[in-house]
Every structure is written in structure tokens, then in C-alpha cells.
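Protein chains in written order, with our numbering: chain A, 220 to 368; chain B, 220 to 368; chain C, 220 to 368.
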Amino acid sequence: MSVLNVINPLFQAYIVYSAILTLKLIAVSSMTGYTRLTRRVFSNPEDVKNFRGVVKLDDPVVERTRRAHMNDLENIPPFWILGALYITTGPGLAWTTLLFRSFTVCRIIHTIVYILPVPQPSRAIAYGIPYIINWYMGIQVVSFYISAM
Amino acid sequence: MSVLNVINPLFQAYIVYSAILTLKLIAVSSMTGYTRLTRRVFSNPEDVKNFRGVVKLDDPVVERTRRAHMNDLENIPPFWILGALYITTGPGLAWTTLLFRSFTVCRIIHTIVYILPVPQPSRAIAYGIPYIINWYMGIQVVSFYISAM
Amino acid sequence: MSVLNVINPLFQAYIVYSAILTLKLIAVSSMTGYTRLTRRVFSNPEDVKNFRGVVKLDDPVVERTRRAHMNDLENIPPFWILGALYITTGPGLAWTTLLFRSFTVCRIIHTIVYILPVPQPSRAIAYGIPYIINWYMGIQVVSFYISAM
């Protein structure tokens, strides 16, 4: 039977956490837009006119939000693919849900501590746990399928 | 039955629009390379030699193309995952096709108005509609699976 | 039957090469962190304190690693989606494995020649082959489903 089936509780867990992470990712993207509007700092000359702002590429608050967003783009898409591949290896439901939940909670904390900002090592921890989960899932996938070949 | 089945017309619509969006995304990536070659502006010293150009990180035309590409990278991958998860909730075919088609057409318009550029609010609209579609699909997915648990 | 089935050898090839590419992508992400630590160059004031470094946004070695990582983010996620969609069109196993393997090997070479760096056109070739494979798969997908409609 297909693992990527909506009746499979592993797949349901994957769907819910992936969707939450994606909504979080796109929420940070509007945060950049909101910061640009309130600080009147833009990247493009055509944006300046309507909002009486300036073109400035190094505003520290906008750049901080952009770095938080960029860090999401570097870490959340790998989760989408590795999470989906990982559940095809038939892991336990409780363990998988723990991995997915930890990943999601840490990435939400990562955004908060990056943007406020909260002193280190809070951001390093909130980055490190999901990063290790991605490696763990990737190695499990490769070793499972290579040993099955 | 598995929803992610090639006979399912919802999945076929997802496949076609995702593939078109991805081709558009990678087309913008060559546009950056093309702009670099014609303006002889590069990021790496080893690229300069062959093309008699200069290393310059703030050329306005190259940076504009790069921002258009970056904006695709922030918005199209969320569609890949949210679109795939959304069709597992069993939405209507006509409605889903409308969402996917609107997303795709707006993202193509977004690239054109960003690169020309066309005065605002054209780019804001071409950005906003797909952005709202992503949110809509994500919220539908989360609420569908959480209410089913 | 569902194509996205773990018993399908096409899907197994997709899984293995996607997972390897994703691990490579996230490995480059730690390389940036490692380069920052050894050169004591950071983006955020709160990172400087613990490691007695400086905030500097244009360190050439860090920026080179970041560009290699960025190039992965622009090319590997399109492979995840196009590779998955491509196998639904029922291509031959040997041919598909050749495409996936070439893509993966070239992207690994790309990172190495970018970071060392090795003189051009090595990087252009290691970039170009996977780029053409993405286009090929995307066009195959669109033409297959549009002719089936």
C-alpha cells in the first residue's frame, strides 16, 4: 500500500506540521513587508513613491527580519522533503510525531528569538535541534533504501 | 485510495501548474546569468577573467533580477507543498484549478512587472493574490486535519 | 496504481538521490557557520559577544560559501518537485537513474569547485548539466499531462 496515503496517521502528522511550518515561513515574509512599510525603507525605486520612503539596502531592522526569513528558507524546505521521505521508511508514530513537533516548535522559537532579539545561545539551540533532526531523517532515509537495494 | 494518484484530476492539475511554476522559477535564474554576461558584472573573481568583466555586487539591473528570483524562491516552494497538501483535503476540482491557475498567472505577471519595471501597485497585486492563496490553502489543510483527529 | 509507492524502483531512486542532495544542501549550510566561527565574522551583534568576533557583511570567504549555498537553494528544491513529478510520467528506470545520478554528482562537484575555488568553466559545467536536467524534466511533465488532457 502507498505510504503517502491520507489515512496513514504518519502522513497526517507530516501534513499538519508541514502546513504549520509553511504558514510560519510565509508569516515572516509579511513581517519583512510590514517592517519596510513602518520604517519606510525599500529595495526598489518604484516602491518609494507611494509610501514616501527611501531606497536603503542596509536598514538593520529590515535586514534582521530578512535574515530570519532566509534562515527559514534554508531549513524548512529540507524538512518538507526529508519528512516526506522519512515516513516512507516506516518509523514509529510516537517517535515521528515527537521529531516533527520538536522541529516545528524550535523553528517558531527561532524566529521569535531572532527578531526580538534574545541573547545567544537561545538562537543557536533553536537552530541546532531542527538542523540535527533534518540530518537524522536524511541519514535514516539513505541507509534504509541503500540497505534495501 | 491514495489522493496523490496520477489518475486523480486534482493531482494532474497540481502537477501541471507546479511544473509550469518551477520552469518559470528556473527561467528567472538564467535571466540573472544573462544580465551578468551582457553587463559584465560578476560576483566571483574567477568569473571575470573569461568575460572581461568586473566584480560588482550592487549593479542595479542585476540586483533587480536577483530580487525577482528571490521573491519566487520565497513564494513558489510554499505553493509546491501547500498545493500538494491541499488536494489531500478533497476540494472541488473547478475551485482548485481556479486557485492554481490564478497563483501561476499572477506569479508570471509578478516577474514581468518586477523586471521591466511597471509602476506600483501592479507588483503588489501580483504578489498579494498568490500570497493569499498560500495562506488560504495552509489554513484549510491545518483545520481539515486537526478537526479530523 | 499510485506511482509514488515505495515499492516502485523509480520512486526509490528518487528518494535516495533527493535525500543525498538535501544532506549536501544542509552540509553547506554548516560550512557557512564553521567559516563564520573560524574567521570570527558574524551578521548579528548578539553573535559577536560569545566568540569575540566582529559584525561584517562582506567577508569574501564567508560570502563565497553563502553564494554556493544560495545556488543550491535555487537549484535543488526545483529538482525535488520536478523529479517527483517526472517519475509520474512513467520514464524508463535506467534513463531516470542516469538523470538523477548526473544531477546529484554535478551538484556535489559544483559545491567543491565553488568553494575551493577551481577556475572556470568547471563551475559553469557543474551548474549547467543539472540546470538542463531540471528543464528537461519540467518540459516532459508539462507536455505529458497537457497531451493527456
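Every residue gets a Cβ at the ideal spot worked out from N, C-alpha and C, and that includes glycine. Note that the structure is a prediction, hence the values are computed from the model and not measured.
Chain A has a Cβ within less than 9 Å of the Cβ of G357/B.
Selection V332/A, S237/A, L256/A and A343/A evaluated against Y253/C yields A343/A as nearest (Cα-Cα). For the options P336/A, I245/A and R326/A, the alpha carbon positioned closest to that of N290/B is the one of I245/A.
Taking a Cβ-Cβ threshold of 7 Å, the residues of chain A close to L292/C are L292 and E293, in chain order. As the crow flies, the alpha-carbon of H288/B is around 6 Å from that of V247/B. Taken in chain order, the members of the stretch 232-248 of chain C whose beta-carbon sits within less than 8 Å of a beta-carbon on chain A are I234, V235, S237, A238, I239, T241, L242, L244, I245 and S248. At least one CB atom of chain B sits nearer than 9 Å to the CB of I300/C. The Cβ-Cβ distance between R258/B and G272/B falls below 9 Å. For D266/C, the enclosing alpha helix (DSSP H) begins and ends at P264 to F270. Listed as beta-bridge partners of V274/A by DSSP are F261/A. Around L240/C, the same chain offers I295, F298, T323 and R326 as residues with beta carbons nearer than 7 Å, after the five sequence neighbours per side are excluded. At a cut-off of 9 Å between beta carbons, D277/C contacts chain B.
Under the Cβ criterion of 9 Å, M368/C is counted among the residues facing chain B. The beta carbons of P338/B and R283/B sit no closer together than 9 Å. Look at the beta carbons and you see the stretch 304-311 of chain A touching the stretch 351-360 of chain A: at least three pairs across the two are nearer than 8 Å. Secondary structure note for I328/A: its alpha helix (DSSP H) is the uninterrupted segment L312 to I334.
For V280/A and V235/A, the gap between their C-alpha atoms comes out near 31 Å. Taking 8 Å as the cut-off between beta carbons, none of the residues of the stretch 330-361 of chain A comes near chain B.
Under the three-state reduction of DSSP output, Q339/B falls in the coil class, being neither helix nor strand.
Among the CB atoms of chain C, none fall inside 9 Å of the CB of E282/B.
Annotated three-state conformation of G252/A is helix, per DSSP.
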